[in-house]
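Here the structure is laid out as structure tokens; the discussion comes afterwards.
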Amino acid sequence: MSERHVDFALIGGGLAAGNCARWLREEGADGSILIVGREPDLPYNRPDCSKQYLRGDESRDDVLFRPPDWYDEHRVEALTKVSATSLDLQQRRIGLSAGGEVTFGKALLATGANVRRLNVDGCDLDGIYYLRTLANSDTIRSEASGKRVVLIGGSYIASEVAASLTELGSTCTMVMLEPVVLSRGFGEQAGRFPQSRLEEHGITVHGDDALERFEGSEGRVTRVLTKSGLELEADAVIVGAGVVPDVALARGAGLELGESGGVHVDSRLQTPVDGVFAAGDIAEYDSVIHRRALRIEHWDVAFNHGKTAALNMLGRDQPHDVVPYFFSDLSDWVSLEYVGPAAEWDREIVRGSLDDGEFSLWYLSGGRVVAALSIGRSDDLEDARRLISSAADLGDRADALGDLSSDLGEI
Ligand SMILES: Cc1cc2nc3c(=O)[nH]c(=O)nc-3n(C[C@H](O)[C@H](O)[C@H](O)COP(=O)(O)OP(=O)(O)OC[C@H]3O[C@@H](n4cnc5c(N)ncnc54)[C@H](O)[C@@H]3O)c2cc1C
38 MSERHVDFAL
48 IGGGLAAGNC
58 ARWLREEGAD
68 GSILIVGREP
78 DLPYNRPDCS
88 KQYLRGDESR
98 DDVLFRPPDW
108 YDEHRVEALT
118 KVSATSLDLQ
128 QRRIGLSAGG
138 EVTFGKALLA
148 TGANVRRLNV
158 DGCDLDGIYY
168 LRTLANSDTI
178 RSEASGKRVV
188 LIGGSYIASE
198 VAASLTELGS
208 TCTMVMLEPV
218 VLSRGFGEQA
228 GRFPQSRLEE
238 HGITVHGDDA
248 LERFEGSEGR
258 VTRVLTKSGL
268 ELEADAVIVG
278 AGVVPDVALA
288 RGAGLELGES
298 GGVHVDSRLQ
308 TPVDGVFAAG
318 DIAEYDSVIH
328 RRALRIEHWD
338 VAFNHGKTAA
348 LNMLGRDQPH
358 DVVPYFFSDL
368 SDWVSLEYVG
378 PAAEWDREIV
388 RGSLDDGEFS
398 LWYLSGGRVV
408 AALSIGRSDD
418 LEDARRLISS
428 AADLGDRADA
438 LGDLSSDLGE
448 I
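According to my numbering, the sequence shown is numbered sequentially starting from 38.
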């Protein structure tokens, strides 16, 4: 490939790019579509890497966003194992690691995120794993199944991996800064029930602690030491310490980054360069619902961003007006869903029973619903979306959120 031209260049072979290609075709785009992805797989559902795929309940084909035939049928060329190495926004040209260049009419930047790596003594020992890709998931399944595993972090990734590995016969211990799992984004009330389910299944959770260092023998990790003085024997360590947006290409092209370090785009997901969009984990977009810039690393956001970007590539002038949604499954022990996100809140109202694991939790700020979380009460989230979008000050009516006899639809 020396130089060629495509109408739509979608950079990054993840969900945002895949769903953008789909919606371009569904909405009648006739031009050429090229996806450039550096992983060996076609776009796939990354959340499965810590869930069904990790447990061996799904095959590689099962997790694909679309089966391989779909790309031919819809005239979408998807390059795998190929990186976009340069982006020239004046010439509207992309350089490819496979050699050659591609000029484009419109482009989507959807390069996702990379894991945040730890930098403590012993962090280079073998047996310390991070999870972002199917390949990482394969390695963790083969190296950590049935072993003593220490998980660093109390987020959903560490919690999900602890649950999945426990199902695979591992003995799991979690070490985290937070007092309770999942409490960083959702608060302590939300995290208590999921933590109790993890503990009931034999997972030990050490909250309010921090990693000090790793120790090993013959180049392989054998122990995790914490600031509070714990010494935990480990055959494998899994780190879930968050992600950072992969903006290397965008930064190299001179695009403006937002406060969160993502690529700043307007409410139509367009960068300041006409016809160049950003979506998914890298995009910091002006939210018409939240009236502030948001960058959110959630599956559903990447999915819906892909659609909004496609519509705007076709000139539809469509603001991204979807309330962000998140889900997490700890094996089949707990399913959590959340709409928001809340940057801060001054009141939490519980609807249902926290102890029985059938509740929704409503986050309010100044009388307005800013987020809601459900365990076992998914239907409540439809009303939560409506209330978040309306930004109505509920005043005294907010109390009804916690009253199971009240009709949410009437609030
Ligand atoms: C283990 C795990 C579990 C998760 N579970 C959940 C969950 O339960 N719920 C939820 O809401 N979210 C979950 N997420 C988050 C969700 O998967 C992401 O938000 C979503 O995948 C982001 O999609 P994306 O297309 O923006 O980026 P990505 O999926 O990261 O895709 C970007 C792709 O671009 C490629 N790329 C980067 N630079 C280049 C380049 N220069 N050239 C070519 N290709 C490039 C990357 O290699 C990557 O393949 C999970 C994530 C992980 C890792």
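Ideal Cβ positions, reconstructed from N, Cα and C, are used throughout, including at glycine.
Asked: Selected residue, minimal CA-CA separation from Arg-329, among Arg-103, Ala-379 and His-243; Found: Ala-379
Asked: Reduced DSSP secondary structure (H/G/I, E/B, other) of Val-212; Found: strand
Asked: According to DSSP, residues forming a beta bridge with Lys-88; Found: Lys-88 is not bridged to any residue.
Asked: Coarse secondary structure for Trp-233, derived from DSSP in three states; Found: One point to set straight first is that residue 233 is Ser, not Trp, in the sequence displayed. If DSSP states are grouped into helix, strand and coil, Ser-233 belongs with the helices.
Asked: Residue range of the alpha helix (DSSP H) that includes Val-198; Found: 193-204
Asked: Residue span of the alpha helix (DSSP H) that contains Phe-340, given as start and end; Found: 336-350
Asked: Close-in-space but distant-in-sequence residues of the same chain around Leu-269 (CB under 6 Å, 5 per side omitted); Found: Val-187, Thr-210 and Val-261
Asked: Proximity test, Pro-84 beta-carbon vs ligand 1 heavy atom, cut-off 7 Å; Found: yes
Asked: Strand pairing of Gly-132, partner residues [DSSP]; Found: Ser-123 and Glu-138
Asked: DSSP state of Leu-267 mapped onto helix, strand, coil; Found: coil
Asked: Rounded separation between Arg-221 and Gln-232 - CA only; Found: 13 Å
Asked: Beta-carbon separation (whole angstroms), Ala-408 vs Ile-425, contact threshold 8 Å; Found: 7 Å
Asked: Three-state secondary structure assigned by DSSP to Pro-309; Found: coil
Asked: Pairwise C-alpha distance: Glu-197 and Ser-442; Found: 34 Å
Asked: Terminal residues of the alpha helix (DSSP H) in which Pro-282 lies; Found: Premise fails: Pro-282 lies in the beta strand (DSSP E), 280-282, not in any alpha helix (DSSP H).
Asked: Beta-carbon proximity list for Glu-447, same chain, < 7 Å, skipping 5 on both sides; Found: none
Asked: Near ligand 1: Thr-117 beta-carbon under 7 Å from a heavy atom; Found: no
Asked: Inter-residue Cα distance where the pair is Arg-169 and Asp-433; Found: 44 Å
Asked: Contact test: Leu-410 Cβ vs ligand 1 heavy atom, cutoff 7 Å; Found: no
Asked: Opposing strand residues paired with Tyr-166 [DSSP bridges]; Found: Ile-275
Asked: Pairwise C-alpha distance: Ala-320 and Arg-22; Found: Outside the displayed range of the chain (38 to 448) lies residue 22, so it cannot be described from this structure.
Asked: Where Ser-426 sits in the DSSP three-state scheme; Found: helix
Asked: Exposure label - Ser-368; buried when at least 16 CB within 10 Å; Found: buried
Asked: In DSSP terms, what Thr-241 is bridged to; Found: Thr-210
Asked: Whole-number beta carbon distance between Ala-150 and Glu-334, since they are thought to touch under 8 Å; Found: 6 Å
Asked: Length of the line joining the Cα atoms of Lys-264 and Gly-224; Found: 23 Å
Asked: Nonlocal neighbours in the same chain, by C-beta distance under 6 Å from Trp-292, ignoring five residues either side; Found: Per the sequence shown, the amino acid found at residue 292 is Leu instead of Trp. Around Leu-292: Val-300 and Thr-308.
Asked: Check: Arg-112 C-beta below 7 Å from any heavy atom of ligand 1; Found: no
Asked: Assigned secondary structure, Ile-177 (DSSP; H/G/I helix, E/B strand, else coil); Found: helix
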